[in-house]
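Chains as they are written, first to last, in my numbering: chain A, 1 to 307; chain B, 1001 to 1342.
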């Protein structure tokens, strides 16, 4: 039996490399100053899906929600062997918190499932920009599907069930869940394959309509909207003819209720953002000499820190 | 959706596994006690399982005014749907104003499922919680006595304060080790509220085939002194320096993610955002540069000694004593000095 697999991926700023340049004076992070990368654990989710397809046959569709440039992670998925990719992009989705995001993603999974029933949704355990791990369980809840989080290995799929090994934090367990179901995969999941050079050459030219439009705004700054739209239509049609158009959906395409999207659909509000200020209290520099070190140890014994 | 209930209690969901209460639930009761006192409401603990009433006394001693004890055979082992259903129904019935979960793998699996079902907000991995007011910029509406949900974001490079003005309950998860363990007071009295969650076989759709509990080899959380090594230690062989100093001090051994990823030491020893959060009396950081992910797990130590070859290493910004130098000469000097005093 062939499986219909959906992988939810995210393009994230590389938060491991936040330097002074990426911080604005008001303490907020300037996302555009950080390199955008494929969220690391999502690559393990994609790899899990690709291996299932290789073993069992089927189709891997990758979905991402974000601005047009998020197409980069879709191309990176196609380069590794995904069959299809869809960009979810809509200004009305901006400022969505995890609850609103999961609503939109669940609508998008439903849209994929309208063509053929989806068996499994795979996600990375969490994204490195927010580290919340909330979107996948909230998406599963809205789909009304079971979820298994912190998955390290998918052992087997068959007979309408999936068997996995997951980390419980205090050990591990092997769990069997009925399909359809949602899994989140940790960085202990299967090692992501590199992009295939051949696929990379082919996929390089794949674009979404949103990317064509933003390129045209730069290329034809003086043209009127109508001219630009006509040109975008022509380019999109040209790509579609060669199977190189990455479809993009907006909130209308997935029949989303706008009350549940974006700022309105988000119960949580950011009250304040502060940058982390490092302030050592009573820092004392100690010389790397026998005398210096002995003096420090003496102080630590005197104040009962040691002893 | 649940209307805000300003008389609602503060709830802590206390996690238990195989008959043992997880520390994080008790830690949350100490913070929950403060929040409830500030708001002038009761603090309640919720504990679910097959036979868990024995935990009620301890939850009361740790600060709870009430303990909801939900027992059902289908709750004997944690799985998402029955637990989420039981808590969702309880929340809808009693309308607490705040619900706090531990940010353990269990809590991070359960809380978002409940928040999604209730359609309320949820903030993950808070490092502090407080009560305060908030004025919404767009509507100029002021909300009093909201829960400030304070958490690091962007890999710990910023601290965000999140509020949930009107789609309650206000829910948050808090990491293990972040809040202090409460002092148990044997004289505290509380009310036990037993209930039978409405769950059926149709909810318990997962089959747990095998359950394996790995005892942690090290107990960093309980250690009074920790000596930790990072990338600057240079190699697996050289990691014995860390062990030697730890032995001299009677300390537990910790490590940065870099040292764990390099395979010099087991992951159980990892301190930081993806490891254990510690607050020992003394933390000695050897060759640890002090990335924010590491600092967030140890900066609450009472005294921090850092030894690093790089004078610009961020670890010096949180250290009380800083030694710029080579571990291979400095650590033996430290061991000597300790031995001479004892």
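Beta carbons are placed, not taken as given, at the ideal position from N, Cα and C, and that holds for glycine.
If you're wondering where the values come from, they're calculated on a predicted model, not measured in any experiment.
Reduced DSSP secondary structure (H/G/I, E/B, other) of residue i
i              : result
residue 69/A   : helix
residue 1154/B : coil
residue 186/A  : coil
residue 27/A   : Low confidence applies to residue 27/A: its pLDDT is 49, below 50, so where it sits in the model is not reliable enough to give any reading.
residue 1194/B : strand
residue 1171/B : strand
residue 15/A   : helix
residue 283/A  : coil
residue 275/A  : strand
residue 1110/B : helix
residue 159/A  : coil
residue 1046/B : strand
residue 1136/B : coil
residue 208/A  : strand
residue 1078/B : coil
residue 1307/B : strand
residue 1131/B : strand
residue 248/A  : strand
residue 214/A  : helix
residue 152/A  : strand
residue 1252/B : strand
Cα-Cα separation between residue i and residue j, rounded to whole angstroms
i              : j              : result
residue 94/A   : residue 262/A  : 5 Å
residue 102/A  : residue 238/A  : 33 Å
residue 27/A   : residue 272/A  : Caution applies to residue 27/A, whose pLDDT of 49 falls short of 50 and renders its modelled position unreliable; the model cannot decide the point.
residue 255/A  : residue 110/A  : 10 Å
residue 196/A  : residue 215/A  : 27 Å
residue 1238/B : residue 85/A   : 48 Å
residue 290/A  : residue 1333/B : 6 Å
residue 1024/B : residue 236/A  : 54 Å
residue 5/A    : residue 174/A  : 21 Å
residue 1236/B : residue 1219/B : 21 Å
residue 292/A  : residue 286/A  : 6 Å
residue 38/A   : residue 1006/B : 43 Å
residue 223/A  : residue 229/A  : 10 Å
residue 283/A  : residue 1320/B : 4 Å
residue 1318/B : residue 220/A  : 52 Å
Contacts that residue i makes with chain B (C-beta to C-beta distance below 7 Å)
i             : result
residue 174/A : 1209 and 1210
residue 290/A : 1333
residue 274/A : 1158 and 1159
8 Å CB neighbourhood of residue i in its chain, flanking five on each side removed
i              : result
residue 1186/B : 1061
residue 297/A  : 306
residue 15/A   : 34, 128 and 129
Residue i: contacting residues in chain B (beta-carbon distance under 8 Å)
i             : result
residue 269/A : 1134, 1136, 1162, 1163, 1164 and 1165
residue 128/A : 1155
residue 301/A : 1341
Within chain A, partners of residue i - CB distance below 9 Å
i              : result
residue 984/B  : The structure shown does not extend to residue 984/B, since chain B spans only 1001 to 1342, so no value can be given for it.
residue 1082/B : Simply none; closest approach about 11 Å.
For residue j and residue i, believed in contact at Cβ under 8 Å, the rounded distance
i              : j              : result
residue 184/A  : residue 124/A  : 7 Å
residue 105/A  : residue 8/A    : 6 Å
residue 1115/B : residue 1171/B : 5 Å
residue 186/A  : residue 41/A   : 6 Å
residue 1052/B : residue 1192/B : Incorrect: roughly 11 Å between the Cβ atoms, too far for contact.
residue 1344/B : residue 1228/B : Coverage of chain B is limited to positions 1001 through 1342, which leaves residue 1344/B absent and any answer about it impossible.
residue 1011/B : residue 1099/B : 5 Å
Contact with chain C by residue i, beta-carbon distance below 7 Å
i              : result
residue 1120/B : Given the protein chain composition of this structure (A and B), no chain C is represented.
Chain A residues whose Cβ lies nearer than 8 Å to that of residue i
i              : result
residue 1375/B : Chain B is shown from 1001 up to 1342; residue 1375/B falls before or after that span and cannot be answered.
residue 1196/B : Per Cβ cutoff of 8 Å: no residues; residue 1196/B is ~23 Å from chain A at best.
residue 1283/B : None at all; the shortest Cβ gap to chain A is about 10 Å.
residue 1115/B : 99, 134 and 138
residue 1008/B : Those within 8 Å of residue 1008/B in chain A number zero; the least Cβ separation is about 16 Å.
residue 1206/B : 146, 148, 175, 176 and 177
residue 1249/B : 306
residue 1131/B : Correct list: empty, because the minimum Cβ distance to chain A is about 13 Å.
Any non-hydrogen atom of the ligand NAP within 6 Å of residue i CB
i             : result
residue 236/A : The ligand NAP is absent from the structure shown, which contains no ligands of any kind.
Same chain, Cβ closer than 7 Å to residue i, neighbours up to 5 away in sequence not counted
i              : result
residue 67/A   : 89
residue 1076/B : 1049 and 1050
residue 1144/B : 1133
residue 190/A  : 44, 47, 48 and 51
Listed by chain order, chain A residues near residue i by CB distance under 7 Å
i              : result
residue 1104/B : 169
Same chain, Cβ closer than 6 Å to residue i, neighbours up to 5 away in sequence not counted
i              : result
residue 1216/B : 1268
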